[in-house]
Amino acid sequence: MNRGFLYGDGFFESIRIVDGNMPLLTFHLERIYDALEIYQIYPNFDVSEEFIQGIAETYEPNGILRINFFRDGEGRYTPESNGLAFDHSFRLTEDEFNLPTGLDLASELDRMPILKGKIGLYPKSKPNEDWLTVKSLSSIYYVIASNFKKMNKLDYLFLANAQKELCEEVSSNIFLKKGEEITIPKLSAGGVNGVTQRYLMETYGFQIKEQSITYDDLDSFEHVFLSRGTVGVFRIK
Numbered sequence: 002m003n004r005g006f007l008y009g010d011g012f013f014e015s016i017r018i019v020d021g022n023m024p025l026l027t028f029h030l031e032r033i034y035d036a037l038e039i040y041q042i043y044p045n046f047d048v049s050e051e052f053i054q055g056i057a058e059t060y061e062p063n064g065i066l067r068i069n070f071f072r073d074g075e076g077r078y079t080p081e082s083n084g085l086a087f088d089h090s091f092r093l094t095e096d097e098f099n100l101p102t103g104l105d106l107a108s109e110l111d112r113m114p115i116l117k118g119k120i121g122l123y124p125k126s127k128p129n130e131d132w133l134t135v136k137s138l139s140s141i142y143y144v145i146a147s148n149f150k151k152m153n154k155l156d157y158l159f160l161a162n163a164q165k166e167l168c169e170e171v172s173s174n175i176f177l178k179k180g181e182e183i184t185i186p187k188l189s190a191g192g193v194n195g196v197t198q199r200y201l202m203e204t205y206g207f208q209i210k211e212q213s214i215t216y217d218d219l220d221s222f223e224h225v226f227l228s229r230g231t232v233g234v235f236r237i238k
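2 is the number of the first residue of the sequence shown in this note's numbering; add one for each residue after it.
Structure follows, in structure tokens:
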């Protein structure tokens, strides 16, 4: 058994493939490089676009490619080496994939699909740690939170840090709209640095502001959007 299974010693990426293309691949690679640095794992091969494209080409042209990256070698809590190993899997999906592409983000958000549902706040704060800003294989916090969501018949569950600042939804990043103003929770609040969020910040950064937001603040915004690497952007309020 590998260290990813034994100790959660690694991270993963879920990469959406649409008609053989990976629209957010650049941002997945950025997060992979961030995770390698955070986890102090040093690959002896090139983790590149070509590497991921080579894996993707072994599967169908539409779906979600998951690559698990974990520390190679033996050892218990103390690893005997810090090399990189990986495995991968794939699942088909017919979910729509929607990304803003026009010049004005506020107008682009208005055309995103609407998937309204029951919203709640998870009562246990999310630890604000670097290793939880990437997609950790040690995901028990999210698993227990998702069980809470299921038991309470919620469609969307918001997470906050110990300071009561919203950081993310259990499987998505948060974008809020009031008039033409777009706001996101502070990146320092501890949410996962999502690839769709990265795309939006790079493409529309000057149109987006960060601020400390609490769950009660949500009522002051006209619309609430979520972004997720496997489906893009959608509105829930």
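Every residue, glycine too, gets a C-beta built ideally from N, C-alpha and C.
- In the three-state reduction of the DSSP assignment, Arg77 falls in the coil class.
- An exposed status is given to Lys179, since fewer than 16 other beta-carbon atoms sit within 10 Å of its beta-carbon.
- Membership of Ser108 in the alpha helix (DSSP H) is indicated by the continuous run 106 to 111.
- A residue is called buried once 16 or more other Cβ atoms fall within 10 Å of its Cβ, and Arg17 is buried on that count.
- For Gly64, the beta-bridge partners assigned by DSSP are Ile18.
- Counted as a single uninterrupted DSSP element, the stretch harbouring Glu31 is not any beta strand (DSSP E) but the alpha helix (DSSP H) occupying residues 26 to 40.
- Per DSSP, Tyr142 is one residue of the alpha helix (DSSP H) stretching across 141 to 152.
- The bridge partners DSSP lists for Asp88 are Asn69.
- Ala57: not part of any beta strand (DSSP E); member of the alpha helix (DSSP H) spanning 50 to 57, first to last residue.
- In the displayed model, Gly5 falls within a helix according to three-state DSSP.
- Taking C-beta atoms under 8 Å as the contact rule, Val135 and Val193 qualify, at a distance of about 7 Å.
- Gln198: member of the alpha helix (DSSP H) spanning 196 to 205, first to last residue.
- Restricting attention to Leu104, Asn22, Gly233, Thr231, the CA atom closest to the CA of Glu58 is found in Asn22.
- With respect to Arg236, Met113 sits close: the two C-beta atoms are nearer than 8 Å.
- Annotated three-state conformation of Ser189 is helix, per DSSP.
- Put simply, of Asp105, Gly11, Phe91, Leu93 the residue whose alpha carbon is nearest the alpha carbon of Gln208 is Asp105.
- Taking the CA atoms as reference points, Gln164 sits about 13 Å from Asp217.
- Restricting attention to Asn45, Leu66, Glu109, Ile39, the CA atom closest to the CA of Asp73 is found in Asn45.
- Short of 7 Å from the beta carbon of Asp88, and not among the five residues preceding or following it, lie these beta carbons of its own chain, in chain order: Asn69.
- Rounded to the nearest whole angstrom, the CA to CA distance from Phe12 to Gln212 is 28 Å.
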